[in-house]
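In the numbering used here, the protein residues as written are 1 to 304.
In structure tokens, the structure reads:
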């Protein structure tokens, strides 16, 4: 299977960031999509290459290994990205859970050229001397999604997980947001002569029926009657710590947002600091007027 230059396929520089890679992929995917090019085998093949390139370059771990291995990337793929899954036959020996690599023999098998190929160096590291050493492998990391409420994200919470019959208590700090990752050391996969992997909890904050979150700031709509909007007064504003009173100046227009400093979410790095709350007033007109109220409104209209 020949080596493919994924950067060239997407038309991006090797130092391109994820935004540039995503932009190039979307442009090319639209151009070569089978629905846009019906009955064109070359377009279909190009579309497959574009998706294959994006799958690797959009994944930081796969991209790093692709850049590291170069033309040996395909060989690594055929091994499933894991050297322990390949039968190295005469080159490996030892008990289960231990892998012994005789580097001098490998150098000889590879042609006696005085060094390993990039592929073998990436897996084992290069050496020119014949020596035995144990190659241990760390366990895999696992990831699991956990959903919490906005109130839990505000004050922090503890979630109970069960793993192999064991009870794990995981503390989620105040200020987390959707996409935050919490590392639980040593709760991943078992290693082979090495340390266990880690478990990562990926946080998802459920939508709130009243508050909308933007970073550490919160937004809320507050109903305001017409009389208070015209004459001024006070209105009750909900926060995640409880209701507070907000002064409304006379002549307040519908849609005006008031900033309540420090009434938003705690920041993740420093929970003592908080974002702001933006209260947007929504002026409500009276739906039913008494004859006297209608008379007064008509009088006001004549005075304008």
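Note that the Cβ used here is the ideal one computed from N, Cα and C, for glycine as well.
Can you check which of these residues, the options, is closest to residue i by C-alpha distance?
| i | options | result |
| --- | --- | --- |
| residue 211 | 237, 188, 180, 39 | 237 |
| residue 266 | 189, 214, 32, 196 | 214 |
| residue 306 | 199, 139, 194 | The structure shown does not extend to residue 306, since the chain spans only 1 to 304, so no value can be given for it. |
| residue 256 | 63, 246, 302, 41 | 246 |
| residue 141 | 153, 149, 185, 192 | 185 |
| residue 161 | 153, 149, 201, 136 | 201 |
| residue 53 | 37, 39, 41, 29 | 29 |
| residue 260 | 243, 251, 269 | 243 |
| residue 18 | 8, 57, 269, 240 | 57 |
| residue 152 | 137, 240, 293 | 240 |
| residue 139 | 271, 194, 26, 248 | 194 |
| residue 34 | 45, 179, 292 | 45 |
Distance check for residue j and residue i, CA to CA, integer angstroms please.
| i | j | result |
| --- | --- | --- |
| residue 69 | residue 59 | 15 angstroms |
| residue 147 | residue 205 | 6 angstroms |
| residue 176 | residue 24 | 32 angstroms |
| residue 47 | residue 5 | 15 angstroms |
| residue 197 | residue 188 | 4 angstroms |
| residue 273 | residue 192 | 44 angstroms |
| residue 296 | residue 229 | 17 angstroms |
| residue 15 | residue 31 | 24 angstroms |
| residue 207 | residue 149 | 8 angstroms |
| residue 225 | residue 166 | 55 angstroms |
| residue 286 | residue 294 | 11 angstroms |
| residue 49 | residue 8 | 11 angstroms |
| residue 292 | residue 145 | 59 angstroms |
| residue 171 | residue 181 | 12 angstroms |
| residue 64 | residue 178 | 26 angstroms |
Quick one: does residue i have its CB under 9 angstroms from some CB of chain B?
| i | result |
| --- | --- |
| residue 20 | Although the question refers to chain B, the structure presented lacks it and comprises just one protein chain. |
State the start and end residues of the unbroken alpha helix (DSSP H) segment that holds residue i.
| i | result |
| --- | --- |
| residue 47 | 41-57 |
| residue 292 | 291-303 |
| residue 282 | Counting along the chain, residue 282 falls outside any alpha helix (DSSP H), though it belongs to the beta strand (DSSP E) covering 277-284. |
| residue 63 | 60-69 |
| residue 287 | First-last for residue 287: undefined, no H or E at that position. |
Residue i lies in the beta strand (DSSP E); which residues open and close that run?
| i | result |
| --- | --- |
| residue 230 | From DSSP, residue 230 is part of no beta strand (DSSP E) but of the alpha helix (DSSP H) over 226-231. |
| residue 30 | From DSSP, residue 30 is part of no beta strand (DSSP E) but of the alpha helix (DSSP H) over 18-32. |
| residue 260 | 257-260 |
| residue 246 | 244-248 |
| residue 137 | Premise fails: residue 137 is in no beta strand (DSSP E) and is neither H nor E. |
| residue 212 | 212-214 |
* To do: Starting from the N-terminal side, write out each stretch of the alpha helix (DSSP H) that is 4 residues or longer and does not extend beyond the region 147-202.
  => 150-155
* To do: Examine the Cβ distances between the region 277-297 and the region 219-226 and report whether three or more of them are shorter than 8 angstroms.
  => yes
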